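Q: Sending over a structure as structure tokens; questions will come in a sec.
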Amino acid sequence: MSHAIVWLDNKHAKIFEFTEHTKEGHKVDRKEHHTHHHTDGAGKEDEKKYFHKLTSDLSHFKEILLVGPGLGKEHFKKYLEEHNKEVAKHIIGVETVDHPTDNELVALAKKVFKAHHILI
Numbered sequence: 001m002s003h004a005i006v007w008l009d010n011k012h013a014k015i016f017e018f019t020e021h022t023k024e025g026h027k028v029d030r031k032e033h034h035t036h037h038h039t040d041g042a043g044k045e046d047e048k049k050y051f052h053k054l055t056s057d058l059s060h061f062k063e064i065l066l067v068g069p070g071l072g073k074e075h076f077k078k079y080l081e082e083h084n085k086e087v088a089k090h091i092i093g094v095e096t097v098d099h100p101t102d103n104e105l106v107a108l109a110k111k112v113f114k115a116h117h118i119l120i
């Protein structure tokens with residue numbers, strides 16, 4: 001099984017996947033998702049599409065750590081709880097971080113997964 005740390009805000013997300021073959025925790029997969037915000041209400045529909053695509057990309061992970069600035073990660077978690085409880089139950093934590101480097105994200109994933117006794 002694989003584990004993921006997902007950095008996201010309301011505009012885009014980066015997914016870093018860790019598997020039994022990536023014990024060092026380096027980035028093996030990165031997907032970016034983008035959405036655009038509109039003032040006419042179309043932004044909500046864009047957000048739904050963005051969250052739906054992100055949910056699909058996360059559906060195979062055993063443990064998922066959500067991180068990011070602001071409320072995007074909380075909005076996504078709420079979306080999962082309302083629209084895909086199966087993926088939502090794999091969220092092991094939500095952490096606030098600003099705009100870390102890829103290496104900082106990997107280090108944070110290692111720290112949190114280790115605290116949850118998840119080997120990566």
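Using the UniProt record's numbering, you'd call the opening residue of the sequence shown number 1 and step up by one each time. Backbone N, C-alpha and C fix where the C-beta goes; we use that ideal spot for every residue, glycine too. Since we're looking at a predicted model, the values are computed, not measured.
Check whether the Cβ atoms of residue 61 and residue 3 lie closer than 8 Å to each other.
A: Contact flag set, yes.
Q: Classify residue 89: buried if its beta carbon has 16 or more other beta carbons within 10 angstroms, exposed otherwise.
A: With fewer than 16 other Cβ atoms within 10 Å, it is exposed.
Q: Under the assumption that residue 94 contacts residue 74 (Cβ atoms under 8 Å), give the Cβ distance between them as a whole number of angstroms.
A: Yes, residue 94 and residue 74 are in contact; Cβ-Cβ is about 7 Å, under 8 Å.
Q: Taking the alpha carbon of residue 8 as the point to measure from, which residue in 59, 56, 50, 115 has its own alpha carbon closest?
A: That would be 50, whose Cα lies nearest to the Cα of residue 8.
Q: Tell me the residue span of the beta strand (DSSP E) that contains residue 65.
A: It spans 63–68 - the beta strand (DSSP E) in which residue 65 sits, taken as one unbroken run.
Q: From 52, 68, 63, 57, pick the residue whose C-alpha is nearest to that of residue 101; which is it?
A: The candidate whose alpha carbon is nearest that of residue 101 is 68.
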